[in-house]
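S.K.: Below you will find the structure I want to go over with you.
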Ligand code: ADP
Ligand code: ZN
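Okay, here's the thing in structure tokens:
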């Protein structure tokens with residue numbers, strides 16, 4: 004079967020000198036700068052769109068995907084032949100369409116996007132067959148020379164289905180040569196079988212938990228969308244602890260029951276042990292995982308199983324969207340507001356937005372879940388593009404925690420301390436009641452800045468516009484942008500004075516020091532990405548907290564997500580103003596979301612919870628909105644401000660980042676790009692300006708910010724703009740559509 008037609012649309016087709024008879028196609032290699040190139044399919048090979056093929060490219064052999072008909076932009080006599088088709092399921096049409104769409108939207112070359120969909124080269128190899136052995140029923144054993152081991156093997160096989168050699172040898176004590184001899188004699192047959200799927204099918208007989216009325220209504224609405232089929236996007240909008248997970252398990256079950264596939268995107272999959280356990284309780288199996296820490300062999304098996312449909316449920320990070328699903332019927336994006344869904348390097352894309360597109364192209368429903376939905380999603384609900392189902396109360400007896408604001412200007416901590424007397428008192432009461440507490444400070448390390456008290460020298464990263472963060476546990480100063488490390492010195496490198504270096508401000512390590520001195524008899528643990536690395540460490544920590552082996556948990560934002568600890572009744576936010584400092588477009592929104600999520604960890608069981616926010620700015624609207632529990636009021640103000648300035652979701656943004664190793668080249672290129680900047684109604688171009696991180700990993704960086712009305716075709720505009728300017732190869736121009744980082 005061949006879906007590729009002969010050379011339609013070929014520029015040279017009308018020219019008799021170039022009449023071609025061979026079939027030509029275009030093939031896309033997974034290379035960062037590539038688009039599809041034309042090739043000839045040699046006689047005797049048949050290909051279809053989506054096939055993985057081997058091709059000559061330059062002097063190398065490359066792999067690629069048959070993307071479509073030949074483009075016809077190269078004279079046919081110059082085309083080369085493909086080498087052959089690889090033994091893998093062809094990439095589905097919808098995946099190829101999705102890659103084209105992501106490429107067009109993000110302005111990244113198609114090959115760069117394809118690369119994300121071909122991240123497991125091994126999956127394209129012939130799967131290693133496995134062999135099983137069984138009795139040959141037609142064999143006349145009378146002439147067979149019998150030995151005791153042969154007898155044992157034959158007897159064993161007579162009583163069992165086809166067995167693998169390892170099992171036979173173990174059960175009978177015979178050597179491999181015995182089995183081999185029996186096969187050669189014809190008494191035993193060797194069968195080649197497809198390896199069994201390493202993924203167990205979900206158990207759909209486990210009864211659904213007793214859902215509350217509100218949960219039932221929400222779950223039924225979502226199941227109806229699955230049953231109805233076709234594209235729809237639904238926001239599952241429920242407060243923290245309302246049971247969103249239990250609710251979206253129901254449409255997942257509905258899709259699985261139809262034998263279809265489901266993908267769930269989680270922002271921090273490596274930390275999601277509790278989520279996985281709940282999935283296991285509901286469906287009896289562990290889902291296939293897809294994230295950067297999954298090993299190569301497992302990735303290969305998963306990729307193949309997704310392609311041939313033998314695995315039904317994948318839980319993954321954003322890259323799971325690019326898997327070649329054979330029959331995807333539902334997408335769930337949990338914590339849809341999370342900025343972790345935005346990929347900031349390589350192909351710059353937002354996985355939540357691309358997931359909606361993937362659902363659209365696949366004509367299937369998608370569910371976005373959050374307690375603090377993004378303004379973009381809320382605007383889509385308001386515009387009638389997305390449905391909304393709501394969960395307004397916590398599950399069971401739990402109620403939302405009460406929020407108290409502590410003004411640190413009045414209620415001052417001691418010198419070089421960060422816990423206010425009020426919070427200290429509440430912590431002591433919590434421990435005395437046998438309950439657990441959490442202190443949240445979104446700063447890794449000991450201190451964010453080290454200063455020389457003699458000369459004022461500050462330790463800065465040599466590769467980045469950033470201070471070095473002290474990590475006292477390792478005796479190091481570290482850059483959180485590029486990973487640069489230096490040993491913490493005794494003497495100041497600038498003035499040579501010894502013993503004058505002082506840490507400025509707190510990180511979680513320093514807060515830990517304070518907590519240990521303040522509460523010497525309680526059990527305290529710190530959780531940051533520095534010590535909770537990977538799923539195992541996260542699961543163990545969760546277990547310890549659950550078993551109440553920890554009284555006080557101190558940590559960064561990794562503690563904000565999804566965890567459920569029934570005995571945790573007090574959450575102290577040490578510096579509620581921290582996230583508001585950056586002042587970028589979404590600083591208030593992000594801070595609101597983060598603080599709400601952190602607060603949402605308190606009081607999830609039978610005992611009511613309290614959240615204490617330490618702030619120097621109690622009048623700030625983010626603090627006030629959280630204290631009042633008034634999400635709508637906050638969002639309305641935020642949305643109206645965005646509207647006034649034409650900012651997303653009311654207008655569109657894009658950024659250009661010009662970077663290179665030589666500052667003068669970068670400035671020159673940025674200046675030239677600036678001179679060619681487009682002008683027009685509903686359009687504003689800011690820049691070039693040095694990026695806040697004007698030096699990052701040794702590269703100088705300049706930025707442009709483009710704001711446009713929604714009617715402006717942003718990609719076309721940028722494409723035309725950049726095509727007018729030539730920049731040297733040593734300068735990189737990155738396009739960031741819908742930027743979330745303004746650094
Ligand atoms: P959310 O994601 O909305 O914060 P979760 O889905 O984590 O809420 O639910 C909070 C807790 O309540 C979890 O431990 C969950 O297992 C439990 N829960 C929610 N709904 C039910 C239910 N209907 N039956 C039993 N337990 C439930
Ligand atoms: Zn650095």
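Residue numbers (my numbering): 4 to 746.
For every residue, glycine included, the Cβ atom is placed at its ideal position computed from N, Cα and C.
Predicted model, so just to flag it, every value in this text is computed and none were measured.
Nearest-angstrom Cα distance between residue 174 and residue 167?
M.R.: Between residue 174 and residue 167, the C-alpha separation is close to 11 Å.
S.K.: Going straight from the alpha carbon of residue 412 to that of residue 451, what length do you get?
M.R.: For residue 412 and residue 451, the distance between alpha carbons rounds to 22 Å.
S.K.: Just the C-alpha distance for residue 230 and residue 90, rounded to the nearest angstrom, thanks.
M.R.: In a straight line, the C-alpha of residue 230 is about 34 Å away from that of residue 90.
S.K.: Between which two residues does the alpha helix (DSSP H) carrying residue 168 extend?
M.R.: Start and end: 168 to 175.
S.K.: Looking only at C-alpha atoms, which of 105, 427 and 613 sits nearest to residue 522?
M.R.: Measuring from the Cα of residue 522, the nearest candidate turns out to be 427.
S.K.: Is it right to say residue 421 is buried, meaning 16 or more other beta carbons lie within 10 angstroms of its own, or is it exposed?
M.R.: Residue 421 comes out buried.
S.K.: I want to check one thing, is the minimum distance from the CB of residue 218 to the heavy atoms of the ligand ADP below 7 Å?
M.R.: Answer for residue 218: yes, Cβ within range of the ligand ADP.
S.K.: Unbroken alpha helix (DSSP H) runs of length 4 or more, entirely within the segment 382 to 454: which are they?
M.R.: Segments of the alpha helix (DSSP H) lying fully in the segment 382 to 454: 424 to 435.
S.K.: Any idea if residue 10 is buried or exposed, counting beta-carbon neighbours within 10 angstroms, 16 or more meaning buried?
M.R.: Here residue 10 scores only 39 on pLDDT, less than 50, and its place in the model should not be relied on; the value that follows carries that caveat. Flag for residue 10 reads buried.
S.K.: Would you call residue 4 buried or exposed, if buried means 16 or more other Cβ atoms sit within 10 Å of its Cβ?
M.R.: Low confidence applies to residue 4: its pLDDT is 38, below 50, so where it sits in the model is not reliable, and the reading given next is rough at best. Burial call: exposed.
S.K.: Could you say which of 483, 476 and 484 lies nearest to residue 491 if we only look at CA atoms?
M.R.: For the residues 483, 476 and 484, the minimum Cα distance to residue 491 belongs to 476.
S.K.: For residue 635 and residue 641, I'd like the C-alpha separation in whole angstroms.
M.R.: Looking at the two C-alpha atoms, the distance is approximately 10 Å.
S.K.: Quick check: is any heavy atom of the ligand ADP less than 7 Å from the C-beta of residue 285?
M.R.: Not under cutoff, so the answer is no.
S.K.: Could you name the residues of the same chain whose beta carbon sits closer than 6 Å to that of residue 115, not counting the 5 residues immediately before and after it, in chain order?
M.R.: Contacts found: 35 and 350.
S.K.: Whose CB is closer than 6 Å to a heavy atom of the ligand ZN? List the residues in chain order.
M.R.: Any residue whose Cβ sits closer than 6 Å to a heavy atom of the ligand ZN makes the list: 464, 466, 467, 469, 482, 484, 485 and 487.
S.K.: Between residue 419 and residue 453, which are expected to be in contact by the criterion C-beta below 8 Å, what is the C-beta distance as a whole number of angstroms?
M.R.: Not quite, the Cβ-Cβ distance comes to about 15 Å (not below 8 Å), so this is no contact.
S.K.: Which complete beta strand (DSSP E) runs does the segment 189 to 238 hold, if anything under 3 residues is left out?
M.R.: Whole beta strand (DSSP E) segments, 3+ residues: 191 to 196.
S.K.: Say yes only if the C-beta of residue 98 is nearer than 7 Å to one or more non-hydrogen atoms of the ligand ADP, and no if none qualify.
M.R.: Every heavy atom of the ligand ADP is 7 Å or more from the Cβ of residue 98, so no.
S.K.: Helix, strand or coil: which one does DSSP assign to residue 1?
M.R.: Absent from the structure is residue 1, since the part of the chain shown begins at 4 and ends at 746.
S.K.: Is there contact here, the segment 570 to 585 with the segment 605 to 617, by at least three beta-carbon pairs under 8 Å?
M.R.: Yes, since at least three Cβ pairs between the segment 570 to 585 and the segment 605 to 617 fall closer than 8 Å, the two stretches touch.
S.K.: Just the Cα atoms here: how many angstroms apart are residue 423 and residue 215?
M.R.: Their Cα atoms are separated by approximately 40 Å.
S.K.: Runs of 3 residues minimum, wholly inside the segment 629 to 665: which ones carry the beta strand (DSSP E) assignment?
M.R.: Listed in chain order, they are 654 to 663.
S.K.: Going by the CB atoms, is the gap between residue 278 and residue 326 shorter than 8 Å?
M.R.: Contact flag unset, no.
S.K.: Got a sec, what are the start and stop residues for the beta strand (DSSP E) residue 363 sits in?
M.R.: Segment 354 to 365 is the alpha helix (DSSP H) holding residue 363; no beta strand (DSSP E) there.
S.K.: At a cut-off of 7 Å, would you count residue 564 as near the ligand ADP, judging by its Cβ distance to the nearest heavy atom?
M.R.: Checking every heavy atom of the ligand ADP against the Cβ of residue 564, none is found closer than 7 Å.
S.K.: Three or more beta-carbon pairs under 8 Å between the segment 545 to 554 and the segment 585 to 604, yes or no?
M.R.: Because the criterion of three Cβ pairs below 8 Å is not met, the segment 545 to 554 and the segment 585 to 604 do not touch.
S.K.: Rounded to whole angstroms, what's the CA-CA distance from residue 375 to residue 344? Just pull it up for me.
M.R.: Answer to the nearest angstrom: the Cα atoms are 15 Å apart.
S.K.: Please state the DSSP three-state secondary structure of residue 380.
M.R.: Of the three classes helix, strand and coil, the one that applies to residue 380 here is helix, per DSSP.
S.K.: Should residue 205 be labelled buried (16 or more other beta-carbon atoms within 10 Å of its own) or exposed?
M.R.: Flag for residue 205 reads buried.
S.K.: So, with DSSP's three-state summary, where would you put residue 119?
M.R.: Residue 119: helix per DSSP, three-state reduction.
S.K.: Quick test of your reading: residue 378 and residue 638, contact by CB under 8 Å. State the CB separation rounded to the nearest angstrom.
M.R.: With 8 Å as the limit, residue 378 and residue 638 qualify as a contact, their Cβ atoms being about 6 Å apart.
S.K.: From 505, 669, 513 and 243, pick the residue whose C-alpha is nearest to that of residue 460; which is it?
M.R.: The shortest C-alpha separation from residue 460 is found at 505.
S.K.: Which residues in the same chain have their Cβ closer than 8 Å to the Cβ of residue 144, if we skip the five residues on either side of it in sequence?
M.R.: Cβ neighbours of residue 144 beyond the five flanking positions: 157 and 190.
S.K.: Could you check which residue in 696, 511 and 197 has the C-alpha nearest to that of residue 165?
M.R.: When each option's Cα is compared against that of residue 165, the closest is 197.
S.K.: Could you check how far apart the C-beta atoms of residue 217 and residue 396 are, in whole angstroms? I think they sit under 8 Å.
M.R.: About 7 Å; that satisfies the 8 Å criterion.
S.K.: Tell me which same chain residues have a C-beta within less than 8 Å of the C-beta of residue 532, skipping the five on either side of it?
M.R.: Counting only Cβ-Cβ distances below 8 Å, and skipping sequence neighbours, we find 447, 559 and 561.
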